[in-house]
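Undergrad: The sequence shown begins at 1 in our numbering and counts up by one. In this text, a Cβ means the ideal position worked out from N, Cα and C, and glycines have one as well.
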Amino acid sequence: MVYLRAKTVKGERYLYLVKSVWDAKKNTSRQETIKYLGKASSITKDDIPADYRNDKKIISYLSSIDAVSIEEKEELLKKLKDQLFNSLTKGDFDATKQLFDAYSSSSGMASFFEKLLTPVMYKIGELWVKGKLGIADEHVASNIANTLVKMTNTKFAEMPTKKKIVICVPEGEEHNLGANILETYLRNLGHKVYNLTPPEPHDSVVEFIKSTNPHAVFISVTLEDNIKPAQRLAKKIADKSNVPIFVGGQGLKNQDVKFEHAEVVRGLNLRDVGRLVSKNK
Ligand code: B12
Numbered sequence: 001m002v003y004l005r006a007k008t009v010k011g012e013r014y015l016y017l018v019k020s021v022w023d024a025k026k027n028t029s030r031q032e033t034i035k036y037l038g039k040a041s042s043i044t045k046d047d048i049p050a051d052y053r054n055d056k057k058i059i060s061y062l063s064s065i066d067a068v069s070i071e072e073k074e075e076l077l078k079k080l081k082d083q084l085f086n087s088l089t090k091g092d093f094d095a096t097k098q099l100f101d102a103y104s105s106s107s108g109m110a111s112f113f114e115k116l117l118t119p120v121m122y123k124i125g126e127l128w129v130k131g132k133l134g135i136a137d138e139h140v141a142s143n144i145a146n147t148l149v150k151m152t153n154t155k156f157a158e159m160p161t162k163k164k165i166v167i168c169v170p171e172g173e174e175h176n177l178g179a180n181i182l183e184t185y186l187r188n189l190g191h192k193v194y195n196l197t198p199p200e201p202h203d204s205v206v207e208f209i210k211s212t213n214p215h216a217v218f219i220s221v222t223l224e225d226n227i228k229p230a231q232r233l234a235k236k237i238a239d240k241s242n243v244p245i246f247v248g249g250q251g252l253k254n255q256d257v258k259f260e261h262a263e264v265v266r267g268l269n270l271r272d273v274g275r276l277v278s279k280n281k
């Protein structure tokens with residue numbers, strides 16, 4: 001049986017999706033966490049793994065714990081996505097920043113990146129493919145998004161350093177908003193992040209890693225065509241260093257893609273990525 005478990009910390013309720021597992025040896029049932037869902041007031045359907053998303057018990061519980069029902073939250077999110085789409089494609093940085101400030105002050109920066117910015121950029125890509133949005137609008141949107149993410153970064157300049165992390169992309173990969181979001185989130189957690197994007201030659205990345213000796217390396221892959229270059233990059237790094245290498249990004253959606261020298265990370269939210277870093281070394 002699957003259900004939600006709540007923990008209250010400083011008056012804020014946090015939810016876990018758990019299942020009951022029968023322990024035959026002890027003749028009793030125990031709880032196993034399937035997924036940490038986050039702050040109860042900010043959870044939407046997308047936070048729930050697809051298998052349980054339409055479970056009526058779960059949806060009605062989520063709707064009951066807050067003054068705002070999950071349907072209303074979905075509706076609100078849709079409106080915010082529309083607003084963000086408009087401000088990005090019109091090149092209106094101020095409106096984009098205002099939306100970011102207002103949303104992230106209540107729901108957090110990670111939620112803004114995951115629930116608003118990433119899906120809106122995906123939509124922009126789809127419209128561009130269908131010829132419904134010009135290349136210039138796409139460029140304007142991604143420039144504004146990148147400026148916003150970079151601007152957010154400067155806030156964390158003075159934080160103490162926990163771990164050193166290198167983020168890079170394979171040669172030929174010009175997409176770097178995902179890498180910049182990872183940088184901002186990990187810096188926000190107090191890690192020292194070296195973001196080597198846009199792409200550097202592979203040999204320079206390897207030299208940099210040798211000289212900085214980081215705790216982890218993240219390789220971000222957006223284009224499927226860049227999987228092979230990413231595999232070569234991971235091998236080059238692994239040949240010269242024992243650093244754990246994680247590779248992720250939308251270029252790796254296809255489950256069949258394997259890396260010999262890196263761990264492929266799929267479907268993790270930013271919080272989980274943060275945990276991945278903390279548990280290494
Ligand atoms: C903006 C954009 C561009 C900009 C990029 C500017 C920049 N500085 O980034 C420009 C205009 C340069 C561009 C160029 C091209 N683009 Co483009 N682009 C996009 C667009 C619209 C948005 C990309 C984006 O920022 N997404 C939002 C980010 C935040 O999402 P994300 O990368 O998935 O990152 C998240 C996670 O995946 C994760 N993550 C990312 N990396 C990692 C790594 C690890 C280790 C982990 C754990 C997690 C993780 O964290 C992020 C936060 O949630 C996408 C549409 C789309 N679906 O994304 C197309 C898209 C990626 N582009 C595409 C194409 C085809 C191209 C071009 C080939 C077009 C052309 N003919 O010239 C060129 C290629 C350039 C190159 N050599 O790289 C295709 C790719 C198709 C494919 N399957 O390979 C897409 C999907 C559009 C489409 N629908 O067809 N593009």
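(1) Between the Cα of residue 55 and those of 84, 1, 39, spot the shortest distance and give me the residue it belongs to.
(2) Any heavy atom of ligand 1 closer than 7 Å to the CB of residue 27?
(3) If you draw a straight line from the C-alpha of residue 90 to the C-alpha of residue 21, how long is it?
(4) Whole angstroms are fine: how far does the CA of residue 129 sit from the CA of residue 203?
(5) With C-beta atoms as the reference, is residue 177 less than 8 Å away from residue 153?
(6) Tell me whether residue 139 is buried or exposed, calling it buried when 16 or more other Cβ atoms sit within 10 Å of its Cβ.
(7) Between the stretch 106-115 and the stretch 175-191, can you find at least three pairs of beta-carbon atoms closer than 8 Å?
(8) Would you report the Cα separation of residue 304 and residue 239, rounded to the nearest angstrom?
(9) Report the residue ranges of all beta strand (DSSP E) runs contained in full by the stretch 22-52; include only those spanning at least 3 residues, in chain order.
(10) Enumerate, from N- to C-terminal direction, the unbroken beta strand (DSSP E) stretches of 3 or more residues contained entirely within the stretch 146-225.
(11) Would you please state the rounded distance, in angstroms, between the beta carbons of residue 220 and residue 179? I believe it to be under 8 Å.
(12) Within the chosen definition, does the stretch 85-104 reach the stretch 24-31 through at least 3 CB pairs nearer than 8 Å?
(13) Taking the Cβ atom as the reference point for each residue, do residue 34 and residue 62 lie within a distance shorter than 8 Å?
(14) Just tell me which of 12, 195, 250 has its CA closest to the CA of residue 107.
(15) When burial is assigned at 16 or more other CB atoms within 10 Å of the CB, is residue 151 buried or exposed?
(16) Take the Cβ of residue 173 as the centre, count every other Cβ of all protein chains shown within 10 Å, and call the residue buried at 16 or more, exposed below.
(17) Given this structure, state the Cα-to-Cα distance separating residue 123 from residue 72, to the nearest angstrom.
(18) The alpha helix (DSSP H) with residue 79 in it runs from where to where?
TA: With the structure as the only source:
(1) Taking the first residue of the sequence shown as 1, we reach residue 55 at position 55. Here the closest residue by C-alpha is 1.
(2) Translated into positions along the sequence shown, residue 27 becomes position 27. No, the Cβ of residue 27 stays beyond 7 Å of every heavy atom of ligand 1.
(3) For this step, residue 90 is matched to residue 90 along the sequence shown. For this step, residue 21 is matched to residue 21 along the sequence shown. So the alpha carbons of these two residues sit roughly 51 Å apart.
(4) Counting from one through the sequence shown, the residue named residue 203 turns up at place 203. Counting from one through the sequence shown, the residue named residue 129 turns up at place 129. Taking the straight line joining both Cα atoms gives about 34 Å.
(5) As a working mapping, residue 177 is identified with position 177 in the sequence shown. As a working mapping, residue 153 is identified with position 153 in the sequence shown. For residue 177 and residue 153, no; Cβs fall outside 8 Å.
(6) As a position in the sequence shown, residue 139 is number 139, starting the count at 1. Exposed, since its Cβ has fewer than 16 Cβ neighbours within 10 Å.
(7) yes
(8) In the structure as shown, the chain begins at 1 and stops at 281. Residue 304 is therefore absent and cannot be evaluated.
(9) 28-39
(10) 164-168, 192-195, 216-220
(11) Within the sequence shown, residue 220 is the residue found at index 220, counting from 1. Within the sequence shown, residue 179 is the residue found at index 179, counting from 1. Confirmed, Cβ separation roughly 4 Å.
(12) no
(13) Here the question's residue 34 lines up with position 34 in the sequence shown. Here the question's residue 62 lines up with position 62 in the sequence shown. No.
(14) Against the sequence shown, residue 107 aligns to sequence position 107. Comparing Cα-Cα distances from residue 107 to each of 12, 195, 250, the minimum goes to 12.
(15) Translated into the one-based positions of the sequence shown, residue 151 becomes position 151. Label assigned to residue 151: exposed.
(16) For the purposes of this step, residue 173 is identified with residue 173 of the sequence shown, where counting begins at 1. Burial call: buried.
(17) As a working mapping, residue 123 is identified with position 123 in the sequence shown. As a working mapping, residue 72 is identified with position 72 in the sequence shown. When rounded, the distance between both Cα atoms is 22 Å.
(18) As a position in the sequence shown, residue 79 is number 79, starting the count at 1. Looking at the DSSP string, the run of the alpha helix (DSSP H) that includes residue 79 is 70-89.
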